[in-house]
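Mapping the sequence shown onto my numbering, position 158 (from 1) lands on 217, and the numbers just tick up by one.
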Amino acid sequence: MPAPESGFPNFPVRAGFSGYCNHPEILEAARKNRKTGIGCLWVLTLVPLIGFPVAGLLVEDLPFTEAVVIGVGIALVMFIVNLFALRRASRPMWEGVVEDKTRKERSERRSSEDSNDSTYIEYTTVIRTQDGKKKTIVEKDSGNHMYDYLSVGDRVRYHPAFGTYEKYDKSKDRIIYCNVCSMMNPIKNDRCKRCDNLLFK
């Protein structure tokens, strides 16, 4: 389906970071994203916390005490992981420059029962922030979207509310990634063809 009209004129894209990150629609999308994250935190915490003790009561091979310990352990891990993710999403935006890009072939063993290692390509994009810190984007196999999209020397801005990157100079690009849902769009679009949010042009 074609994207609905945005109400914003489709001017040629010029170099510069978009001001849409402070648009009311985008701020509302960020609020919903955080609300969803909080919901996931509680679901992923409560399911093992309740599910394992119940399984301990119903399954003969799983002692109740052991089930409670496992459930509490998994719930604690889920709570900490998701809490850190929510805290990262609340941090301020930062800007930097793509400093390096590398690709390496790596191997991994899928399980202890499998004696053969599987190989994959790991793509790493290194960004040096304005305050001198090094940030890395690590992608795997065909999921190397930022590796292909960004070039060494590109200025970028990171949007923590969505965990996405915005390129400063999009004037020569044919595509643009939605900073809300990460969907790839033609550069001529004003709104994302999947989530209908404004593209940061």
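The beta-carbon is built from N, C-alpha and C at its ideal position, and this holds for glycine as well.
**Message:** Assuming the contact rule is C-beta atoms closer than 8 Å, Val127 and Gly115 should be a hit. Round their C-beta distance to whole Å, please.
**Reply:** 7 Å
**Request:** Give the straight-line distance between the Cα atoms of Glu10 and Ile180, rounded to the nearest whole angstrom.
**Result:** Because the chain is modelled from 60 through 260, residue 10 falls outside the range shown and cannot be assessed.
**Request:** Can you grab the Cα-Cα spacing for the pair Arg187 / Gly155, in whole Å?
**Result:** 5 Å
**Asked** What is the rounded straight-line gap between the Cα of Arg150 and the Cα of Pro219?
**Response** 6 Å
**Item:** Pairwise C-alpha distance: Phe138 and Lys91
**Value:** 20 Å
**Request:** Kindly identify the DSSP beta-bridge partner or partners of Asp159.
**Result:** Val185
**Request:** Look up Ser177 in the DSSP assignment and give the residues it is bridged to.
**Result:** Glu167
**Message:** Does the segment 217-236 come into contact with the segment 244-255, if we say contact requires no fewer than three beta-carbon pairs (one atom in each stretch) closer than 8 Å?
**Reply:** yes
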